[in-house]
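Numbering (UniProt numbering), first residue to last: 1 to 191.
Using N, Cα and C, we set each Cβ at its ideal position, and we do this for glycine too.
Notes follow the structure.
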């Protein structure tokens, strides 16, 4: 689940800005590109992502394409990673809506937008996987059972091979060592 502290806008400028200490209750590390209204936008489609995830790879691919189109309709092609809308606007509903200004593009602009959309899809997919496909509590229990089952299969460790001195002591203690040891021990006690 996304923590409420991450709903704030990213501090500072630059997509790779890192927090070095706990600042305002936020964890140190790289600032996510999804914050503020973007976080609200992506979180509103979490249920659709879960159902697409259950339906298979093709449904997920379609979902990522639709969300990328909706994102571009709402935020455009020029929104920097660390920026956010000053005021939230209504989310677009139909992912098949044509993006304004996409009819009269030069070849370079079309290639740039295509590359941007492809990169955006990858980043959206990574964000959804990281935030909604984590290990759930029942998965943790299943993992613990699996690990314990593997450990139980192996049983206790095999005994180590005896050293020569241990072998000799076990075999000849009664007849060779015990009498000499007790005599030496008795002398030590008498001193």
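Could you check if residue i is buried or exposed, using at least 16 other CB atoms within 10 Å of its CB as the buried criterion?
{"i": "residue 94", "result": "exposed"}
{"i": "residue 64", "result": "buried"}
{"i": "residue 52", "result": "buried"}
{"i": "residue 185", "result": "exposed"}
{"i": "residue 71", "result": "buried"}
{"i": "residue 178", "result": "exposed"}
{"i": "residue 146", "result": "exposed"}
{"i": "residue 188", "result": "exposed"}
{"i": "residue 171", "result": "exposed"}
{"i": "residue 161", "result": "exposed"}
{"i": "residue 39", "result": "buried"}
{"i": "residue 11", "result": "Unreliable placement is indicated for residue 11, whose pLDDT of 49 sits below 50; the coordinate value is still reported in the next sentence. With fewer than 16 other Cβ atoms within 10 Å, it is exposed."}
Check the C-beta distance from residue i over to residue j and give it rounded, since I have them as a contact under 8 Å.
{"i": "residue 48", "j": "residue 117", "result": "Residue 48 to residue 117, Cβ: 19 Å. No contact."}
{"i": "residue 42", "j": "residue 127", "result": "7 Å"}
{"i": "residue 120", "j": "residue 92", "result": "Actually they do not touch by this definition, with Cβ atoms about 15 Å apart."}
{"i": "residue 132", "j": "residue 61", "result": "16 Å between Cβ atoms; not a contact."}
Could you pull the start and end residues of the alpha helix (DSSP H) that residue i belongs to?
{"i": "residue 179", "result": "178–190"}
{"i": "residue 33", "result": "Note, residue 33: premise wrong, no alpha helix (DSSP H); not H, not E."}
{"i": "residue 55", "result": "46–55"}
{"i": "residue 98", "result": "Looking at the DSSP string, residue 98 is not in any alpha helix (DSSP H), and its letter there is neither H nor E."}
{"i": "residue 114", "result": "107–132"}
{"i": "residue 169", "result": "164–172"}
Quick check: residue i and residue j, are their CB atoms within less than 9 Å of each other?
{"i": "residue 31", "j": "residue 82", "result": "yes"}
{"i": "residue 84", "j": "residue 36", "result": "yes"}
{"i": "residue 33", "j": "residue 123", "result": "yes"}
The ligand FMN heavy atoms versus the CB of residue i: any closer than 8 Å?
{"i": "residue 48", "result": "As far as ligands go, the structure on display features none, and thus does not contain the ligand FMN."}
Taking three-plus beta-carbon pairs below 8 Å as touching, is the region 79–99 in contact with the region 152–172?
Verdict: no, contact absent.
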